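Worksheet for the structure shown next.
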Amino acid sequence: MIEIKGITKLFGKKKVVEDVSVTIETGKITSFIGPNGAGKSTLLSMVSRLLEADTGEVLLDQTNVKSLKSKEFAKRVAILRQSNFINVRLTVRELVAFGRYPYSHGRLNEEDDMKIDEALVYMNLVDIQHQFLDELSGGQKQRAFISMVIAQDTEYILLDEPLNNLDMKHSVQIMKILRKLVDELGKTVVIVLHDINFASVYSDRIVALKDGRLVKDGPTAEIINTTALKDVYDMNIPVQEQDGCKICVYFQSQ
Amino acid sequence: MQSNVKRANRIKLICLFILAALSIVGFLFYNIQGSFSYAFPKRVDRVLAMVITAVAIAYATVMFQTVTRNRILTPSMIGVDSMYEVVQTVIFFFLGSASAFVVDRYLNFGTSIVAMVLFALLLYRFLFRADKYPIFLLLLAGMIIGTLLGSLVSFLQVLIDPVEYLSLQNKLFASFTNVKSELVLISAVILIACFIYGAFMMKDLDVMNLGRDNAMNLGVNYDKIVLNVLILASILLATSTALVGPITFLGLIVANLAYQFLVTYKHSILILGASLISIIALVGGAIPRITRI
Chain E
3 MIEIKGITKL
13 FGKKKVVEDV
23 SVTIETGKIT
33 SFIGPNGAGK
43 STLLSMVSRL
53 LEADTGEVLL
63 DQTNVKSLKS
73 KEFAKRVAIL
83 RQSNFINVRL
93 TVRELVAFGR
103 YPYSHGRLNE
113 EDDMKIDEAL
123 VYMNLVDIQH
133 QFLDELSGGQ
143 KQRAFISMVI
153 AQDTEYILLD
163 EPLNNLDMKH
173 SVQIMKILRK
183 LVDELGKTVV
193 IVLHDINFAS
203 VYSDRIVALK
213 DGRLVKDGPT
223 AEIINTTALK
233 DVYDMNIPVQ
243 EQDGCKICVY
253 FQSQ
Chain H
262 MQSNVKRANR
272 IKLICLFILA
282 ALSIVGFLFY
292 NIQGSFSYAF
302 PKRVDRVLAM
312 VITAVAIAYA
322 TVMFQTVTRN
332 RILTPSMIGV
342 DSMYEVVQTV
352 IFFFLGSASA
362 FVVDRYLNFG
372 TSIVAMVLFA
382 LLLYRFLFRA
392 DKYPIFLLLL
402 AGMIIGTLLG
412 SLVSFLQVLI
422 DPVEYLSLQN
432 KLFASFTNVK
442 SELVLISAVI
452 LIACFIYGAF
462 MMKDLDVMNL
472 GRDNAMNLGV
482 NYDKIVLNVL
492 ILASILLATS
502 TALVGPITFL
512 GLIVANLAYQ
522 FLVTYKHSIL
532 ILGASLISII
542 ALVGGAIPRI
552 TRI
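First to last, the protein sequences are chains E and H.
Quick note: to get my numbering, add 2 to the position in the first sequence (first position is 1).
Quick note: to get my numbering, add 261 to the position in the second sequence (first position is 1).
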């Protein structure tokens, strides 16, 4: 369980995240939603220790994340950010192999190779595993990075807008894979999403942020309705049911 | 496919090693005229100084380029070699070429190294806050301070006695003739100490190719390694500069040749390759110019 307690982050004098407290339950997909600049990515960065909070604390199974060793933390929590620029030529497999670094420090053993193979199969990358990343499309590259995080084999997987650059087909594919990771392997996934319909259909819980503050936090069913969404996005969003899924039809709303 | 690349890299490294060894042997024995027993030990010192400089610069540059994530920068960005010019010029200006700081080579060597490393450390102390400012702020500040020091040096050089200036100039151009064997030995010790220290960071540097966020995600203590590499690079540069004079541009060339020549992201291989290319360029390139001794 990850407990975020009263966390605040300032960039200069601007409060990007202000006094947010959320508990992330294990074995579930939790989606962070909210308008641009709501502080979703910043919050995720603080949970994963990429950024230090100005006040407040993050507890991972009752221990403050600050007190954990880097290598140990990397075996328990994985994070993937939005922009991933690499200035060396790597093949897909080499990139995924980096996911094993917290365990093997560059010397891969049989177990590492097995985990790498699994991760490649999971993300459907086996056929292109020996291609160089700079020869791939944006979507394939994104899948390769997610595959690296899967190879890292952590209990918690944090993803910052993983559907960026992806077409519908691959977005659905990735959300299904995340669902599988949670349902079959018991992982905990926290994901920042812009398309609320993906949040609605695939996540168990939703955390809604706006202007750095927590607006809503609860099971998906409680958040995906017109009144709650109005608080988050300042838009009148009609919600319709389609095959048991709640779909927000926001395209023409005022 | 992976193993093919590995084998190709190994063959390339062996070729480089043979070429480097040939360069060294060539430098030691080519065109010796007059007394062998006089010329040979001198040549050994010179070749050692070249090898130390070549390796130090290659090593510092490759590591520096990884932590700055930029392949057209050299560690001279920090302004360490400008500091060298300042130290030498100030000594010549205020104390003159007959002072102990010039005549005593150890004293000169020691003063230069200490001043350069102190300068770099001070710069890091005040400007290295990776969580707050990007590393480029540090580099920009280093560059500007370097330029400022350069102007100061020019100013002093205009005022200095012309005869003094001539002997100062000798100090400010890289030169491998006349290196003292004891200084070579001290430099070698510093170099080896740096290697041992750097060896622990090699694997982490490989991961740092993925960027700060990904490297931290994989458990690498990114900011600490960046600082360590900056310190290491300054010590290596300071050592080679104090030994033979400023020659950092070489690093840019050999590091990029190594990236092109060796298909890998592994620093152990890249640094070895860059060092060998550096030795070939420096020692091999000096062979045609050997005269008499």
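Where is the CB? At the ideal position from N, CA and C, for every residue including glycine.
Bear in mind that the values here come from a model prediction, so they are computed numbers and not experimental data.
What residues of chain E sit near residue i, judged by a beta carbon separation below 7 angstroms?
i, result
"H/R330", "N89"
"H/K273", "Residues of chain E passing the Cβ test: none, with the nearest at roughly 16 angstroms."
"H/V468", "F100, Y103"
Run through the DSSP bridge pairs and tell me what residue i is partnered with.
i, result
"E/P221", "E/R207"
"E/V22", "E/I9"
"E/L62", "E/I4, E/T65"
"E/D162", "E/V194"
"E/L82", "E/L161"
"E/T32", "E/V192, E/R207"
"E/K248", "E/E243"
"E/R215", "E/K212"
"H/K273", "BP columns for H/K273 are empty, so no partner."
"E/F134", "E/T93"
"E/T57", "E/T10"
Verify whether the separation of the beta carbon atoms of residue i and residue j is less than 8 angstroms.
i, j, result
"H/A449", "H/G506", "no"
"E/I9", "E/V60", "yes"
"E/R83", "H/D474", "yes"
"H/L533", "H/Y520", "no"
"H/G512", "H/I318", "yes"
"E/T32", "E/V209", "yes"
"E/Y124", "E/S149", "yes"
"E/E27", "E/R181", "no"
"H/I548", "H/L518", "no"
"E/T93", "E/Q142", "no"
"H/R550", "H/V440", "no"
"E/V67", "E/L45", "no"
"E/E20", "E/R78", "no"
"E/S205", "E/C250", "no"
"E/K42", "E/L211", "yes"
"E/Y235", "E/P37", "yes"
"H/I496", "H/I540", "no"
"E/N86", "H/G459", "no"
"H/D465", "H/I486", "yes"
"H/V544", "H/F288", "yes"
"E/A55", "E/D213", "no"
"E/V24", "E/I35", "no"
Could you tell me if residue i is buried or exposed, where buried requires 16 or more neighbouring beta carbons within 10 angstroms of its beta carbon?
i, result
"H/Q349", "buried"
"E/T229", "exposed"
"E/D155", "buried"
"H/F355", "exposed"
"H/Y394", "exposed"
"H/V490", "buried"
"E/L216", "buried"
"H/G480", "buried"
"H/L420", "exposed"
"E/D114", "buried"
"H/E346", "buried"
"E/M131", "It should be pointed out that residue 131 of chain E corresponds to Gln in this sequence rather than to Met. Buried is the call here."
"H/R268", "exposed"
"E/K15", "exposed"
"H/S264", "exposed"
Could you work out which residues of chain E lie near residue i, taking near to mean beta carbons separated by less than 8 angstroms?
i, result
"H/N233", "The question about residue 233 of chain H has no answer, for chain H in this structure spans 262 to 554."
"H/Y555", "The displayed coordinates of chain H run from 262 to 554. Any statement about residue 555 of chain H would go beyond what the structure contains."
Quick one: which chain H residues come within Cβ less than 9 angstroms of residue i?
i, result
"E/N86", "L471, G472, D474, N475"
Using a Cβ cut-off of 9 angstroms, pull out every chain E residue sitting near residue i, in sequence order please.
i, result
"H/N292", "The premise fails here: H/N292 is roughly 42 angstroms from chain E at the closest Cβ pair, so nothing lies under 9 angstroms."
Name the chain H residues whose beta carbon is nearer than 7 angstroms to that of residue i?
i, result
"E/S149", "By Cβ distance, chain H contributes nothing, its closest Cβ being about 13 angstroms from E/S149, past 7 angstroms."
"E/P164", "Under the 7 angstroms cutoff, chain H gives no residues; its nearest Cβ is about 14 angstroms from E/P164."
"E/G1", "Past the boundaries of the shown model lies residue 1 of chain E; chain E is included only from 3 to 256, so the question cannot be answered."
Going along chain H in order, which residues have a C-beta closer than 8 angstroms to the C-beta of residue i?
i, result
"E/A80", "N478"
"E/F75", "G480"
"E/R145", "In chain order: nothing, as chain H lies at least about 15 angstroms away."
"E/R215", "Correct list: empty, because the minimum Cβ distance to chain H is about 24 angstroms."
"E/R207", "By Cβ distance, chain H contributes nothing, its closest Cβ being about 23 angstroms from E/R207, past 8 angstroms."
Tell me whether residue i, by its Cβ, gets closer than 7 angstroms to a heavy atom of the ligand MG.
i, result
"H/I540", "With respect to the ligand MG, the structure shown offers nothing to examine, as it has no ligands at all."
Is it a yes or a no for the region 519-526 of chain H touching the region 356-373 of chain H, going by three-plus beta-carbon pairs under 8 angstroms?
no
Is the region 378-393 of chain H touching the region 324-334 of chain H in the sense that three or more CB pairs, one from each, lie closer than 8 angstroms?
no
Which residues, in order along the region 39-54 of chain E, keep a beta-carbon less than 9 angstroms from a beta-carbon of chain B?
The structure shown contains no chain B; its protein chains are E and H.
So, does the region 490-506 of chain H touch the region 302-321 of chain H, judging by three or more C-beta pairs under 8 angstroms?
yes
Validate contact between the region 159-170 of chain E and the region 186-205 of chain E using beta carbons, cut 8 angstroms, 3 pairs
yes
Examine the Cβ distances between the region 268-276 of chain H and the region 396-412 of chain H and report whether three or more of them are shorter than 8 angstroms.
No: the two stretches stay apart, fewer than three of their Cβ pairs being nearer than 8 angstroms.
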